[in-house]
Amino acid sequence: MKLSKTMLVLAVIITLIPCLVGVFLWGRLPERIPTNFNFSGEISGYSSKGSFVIGMPVMMAVVELVLYFFIVNDPKRNNMSRKLITISFWIIPVLTVFMMMLCYGIALGMRIDIGMAVNLILGIFLVITGNYLPKTRQNYSMGIKLPWTLSSEENWNKTHRMAGWLWVAGGVLFMINAFFKSPFLMVLALILMSGIPAGYSFWLYKRGI
């Protein structure tokens, strides 16, 4: 799949929008902005206003550029699912805007349940991504890139078919966890999405697949 430079420019611009919002709100924002939160949604850490308003969007824009570089230069980029590439490409701009707006709101004294918001948005992304994981073929930029999946196309395909269902299940758990904010449910979701596919891939490798 060919990613247009126009789409890249648009994605970078959207990623940088919180900079403009932060500059507009500069006089109203406190010198320290809450950026870290525990499982209960309580503030556990702060960043300076300058580093958050300017530094965070710029850093995420650089990450977007790096992602673009790896995708367009992947020798097996034609194997990637078009829809999965699109989803992956827009995750950074959407999450950057979403998270920074939440932090601005909290810094300005708004009552926002950030634990619920983060779990819901991550859950939605994971469910959508899980639907397209089985459709992406062997490549070096996205998917479950393990020594065993990269060395065997059959291993890759079987692992990603299983992972697709598990990522959907993990996404559902994140959405459920929006109401409970339980560390246990979060860990369970992560095990479902990473530990089980990795173990399954290794088991297939041991079977000669």
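End of the sequence shown sits at 384 in my numbering; the numbers just go up one at a time, nothing left out.
Glycine is no exception: its CB is placed at the ideal position from the N, C-alpha and C atoms.
Under the DSSP assignment, residue 219 falls in the beta strand (DSSP E) whose first and last residues are 218-223. Closest by C-alpha distance to residue 327, out of 203, 379, 250, 264, is 379. Counted as a single uninterrupted DSSP element, the alpha helix (DSSP H) harbouring residue 377 occupies residues 371-381. The three-state secondary structure of residue 359, taken from DSSP, is helix. Restricting attention to 311, 370, 303, 376, the CA atom closest to the CA of residue 350 is found in 303. Taking all protein chains shown into account, residue 289 has 16 or more neighbouring C-beta atoms within 10 Å of its C-beta and is therefore buried.
Excluding residues up to 5 positions away in sequence, 228, 229, 232, 233 lie with their Cβ nearer than 8 Å to the Cβ of residue 194 in the same chain. For the pair residue 376 and residue 324, the CB atoms are nearer than the 9 Å cut-off. Between residue 310 and residue 259, the gap from beta carbon to beta carbon is short of 9 Å. In the DSSP annotation of this structure, residue 211 is not part of any alpha helix (DSSP H); the continuous beta strand (DSSP E) holding it starts and ends at 207-212.
In this chain, residue 227 is not harboured by any alpha helix (DSSP H), its DSSP state being neither H nor E. Nearest neighbour of residue 267 by Cα position, chosen from 250, 287, 300, 254, turns out to be 300.
Residue 242 carries a helical assignment under DSSP once its states are collapsed to helix, strand and coil.
In the same chain as residue 337, and ignoring 5 residues on each side of it, the C-beta atoms closer than 8 Å to its own belong to 371, 372, 375, in chain order.
Of the residues assessed, residue 285 falls on the exposed side of the cut-off, its CB having fewer than 16 other CB atoms within 10 angstroms.
Sorting 364, 360, 384, 247 by C-alpha distance to the C-alpha of residue 332 places 384 at the top. Secondary structure at residue 299: helix, using DSSP grouped into helix, strand and coil. Inclusion of residue 273 and residue 296 in the CB contact set at 9 Å is warranted, their separation being smaller than that value. DSSP assignment within the stretch 240-286 yields the following whole alpha helix (DSSP H) runs of 4 residues or more, N-terminal first: 257-282.
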